[in-house]
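Participant:
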Amino acid sequence: MITEAIVFSLPFFIIFLWIAHDKITYLALKNCDIKELKLRINTEKQLPKFHSHISFNPEYKLKFPEITNIPLVPERYLHLLPDSYSLKNYLKNHMSGLMSIYSYEPDMGVDDDLILSKFQSFTAGSHGWRHVRFGFIKDIVRLGIAHKMSEHYFNEAIQLKRKRNLYWSTRVLGRALHYIEDIGQPFHAKIISPEILLKHISPVKIGYHIANLHVNFEAIIGFLLWRDKKTFVNILSRKDLLKGRNTESIALRLRKLNMRYFTSLVNLLEKLIPQDFLSTHKLTVLDTNTIETLLKDIRTKRLLEITRQLLFNVGTAIRSTVRNYITY
Ligand SMILES: [Zn+2]
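So the mapping is simple: our numbering equals the position in the sequence shown, first residue as 1, plus 4.
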C-alpha cells in the first residue's frame, strides 16, 4: 500500500509511446490471406472528413503521415529509423498499408491538454489516459482507457464501412489497432515495480528511472523492427489469432497476457541498459551502436525471448480485430 501511495504522488511527465506501430501492423497483416487487405482504395484528395464523438484539442492540428512520408516518430527516436525508411513501402492505397500508416500514433498532439478524468495526472495527462490501462494494487485499481479507445474506433470504422466510405473506414480501423498495440505493451499496463521504488527517495528520480526503462525498451524494439531483424519479423507475421467477442475484450485479453512480463522486463532492462541511459533527471534514448552491442551480449537472450512473445501476442490481437472487421 505504501508503494502505491508513492506512485500516486509521482510527477508523470512522459508522453507514452510504443514505437514502430507502423511496422507492427504491417507485419501482423503481411501474411494474412484476407483478400480485402489487398484491395486498392481510392485515396480521397480532401483531407479529412470523418466525425468522431471523441474530443480533440482544437489548438493542435492533426498531422498526416502521408504528406511527410515518414511515420510521426518523436524526434528522440528518429535515429533508429534506417536512412531509406519510407511509408511508401507500405502500399498506402491498400487496406493493410493504410492501417499501417494510421496505426502510428494517430492522435499525436491532438489529445494533449484535455480534461478527461480527475485521475489523468497519474497517466501523464489526457494523452496518457487514452493510451494506457495502468493497473495498481494487484490490478484491482486500473486507470486509463486504451481498451475503450480501440472499441470506439472499431465501431466507427464499422459505421464508415456501412456507408461504403472504405478509405476513412480503413484509416479509422488503423486507429483502433494503435490502441490495441498500446495496451499490449507491458509498460502501458503497469508502471512501477517495488525494486525501483526502493532505489530512490525522490519521486522525480523514480519517474525518470521508469520512463527511461520504458523508452529504451521501445528503442530496442523500434531498432529490431524498423531494421527487419528476422526472428522478430517472422514472429509477427504468423497467422495465429487471439479470440475475443469484441475489440475491447481482445484488447483486455492481450493486456493480461503481456503485463505478466512487466517485472521480468524491468529487472532485465535494469541489468542490461548501461547506466548512462538510465538517468534520473532526463530522458536518454539508446543510440544505435549501444543497441547493437547489447544485442550481441548473451545476457540479452531472455529479454529478446520475452520481446518475441510480446510481439507474437500483439500480432494475434491485430489479426483478430481485422478479421472481425472484415466479416462484420
Ligand atoms: Zn499510443
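Yeah, the Cβ is synthetic: ideal placement off N, Cα and C, and Gly gets one too.
Note that the structure is a prediction, hence the values are computed from the model and not measured.
Taking 8 Å as the threshold, find out whether the segment 209-224 comes into contact with the segment 234-246 through three or more Cβ pairs.
Facilitator: Because the criterion of three Cβ pairs below 8 Å is not met, the segment 209-224 and the segment 234-246 do not touch.
Participant: In terms of residues, what are the limits of the alpha helix (DSSP H) holding ARG327?
Facilitator: Stepping through the sequence shown from its first residue, residue 327 is reached at position 323. Counting along the chain, the alpha helix (DSSP H) containing ARG327 begins and ends at 305-331.
Participant: When we look at the beta-carbon of HIS57 and count the other beta-carbons within 10 Å, is it buried (16 or more) or exposed?
Facilitator: Translated into the one-based positions of the sequence shown, residue 57 becomes position 53. Using a 10 angstroms sphere on the CB of HIS57, the tally of other CB atoms stays under 16, which defines it as exposed.
Participant: Report buried or exposed for PRO86, applying the criterion of at least 16 other Cβ atoms within 10 angstroms of its Cβ.
Facilitator: As a first step, residue 86 must be located in the sequence shown, where it is residue number 82. By the neighbour-count rule (16 or more Cβ atoms within 10 Å), PRO86 is not buried but exposed.
Participant: Check whether the Cβ atoms of ILE254 and ALA321 lie closer than 7 Å to each other.
Facilitator: The residue labelled residue 254 in the question sits at position 250 within the sequence shown. The residue labelled residue 321 in the question sits at position 317 within the sequence shown. The criterion of a C-beta distance shorter than 7 Å is satisfied by ILE254 and ALA321.
Participant: I'd like to know whether the C-beta atoms of VAL136 and TYR64 end up nearer to each other than 7 Å.
Facilitator: By 1-based counting over the sequence shown, the position of residue 136 is 132. By 1-based counting over the sequence shown, the position of residue 64 is 60. In this structure, TYR64 does not lie closer than 7 Å to VAL136 by Cβ.
Participant: Kindly give me the distance between the Cβ atoms of ARG81 and ILE23, rounded to whole angstroms, as I take these residues to be in contact under 8 Å.
Facilitator: As a first step, residue 81 must be located in the sequence shown, where it is residue number 77. As a first step, residue 23 must be located in the sequence shown, where it is residue number 19. Going by the sequence as given, residue 81 is Tyr instead of Arg. Correct: roughly 5 Å between the Cβ atoms.
Participant: If you compare alpha carbons, which of LEU66, GLY188, PHE126 and ILE28 is closest to ARG264?
Facilitator: As a working note, residue 264 is residue 260 in the sequence shown. Looking at the Cα atoms, GLY188 is the closest of the given residues.
Participant: Given 6 Å as the limit, tell me if ASP186 has its C-beta closer than that to any heavy atom belonging to ligand 1.
Facilitator: If you number the sequence shown from 1, residue 186 lands on position 182. Under cutoff, so the answer is yes.
Participant: Suppose the cutoff is 6 Å on Cβ atoms and the five residues either side in sequence are ignored; what does the same chain contact list for VAL326 look like?
Facilitator: Counted from its first residue, the sequence shown places residue 326 at position 322. Excluding positions up to five away in sequence, the list is empty.
Participant: By DSSP's criteria, GLY139 is part of a beta bridge. Which residues make up the other side?
Facilitator: The sequence position of residue 139 within the sequence shown is 135, counting from 1. Partner(s): ARG146.
Participant: Write down the C-beta distance between ASP111 and SER130 rounded to the nearest angstrom, noting that I regard them as a contact closer than 8 Å.
Facilitator: By one-based count along the sequence shown, residue 111 stands at place 107. By one-based count along the sequence shown, residue 130 stands at place 126. Incorrect: roughly 10 Å between the Cβ atoms, too far for contact.
Participant: Unbroken alpha helix (DSSP H) runs of length 4 or more, entirely within the segment 118-201: which are they?
Facilitator: At a cut-off of 4 residues, the continuous stretches assigned as alpha helix (DSSP H) that sit fully inside the segment 118-201 are 130-135, 150-166, 170-187 and 190-193.
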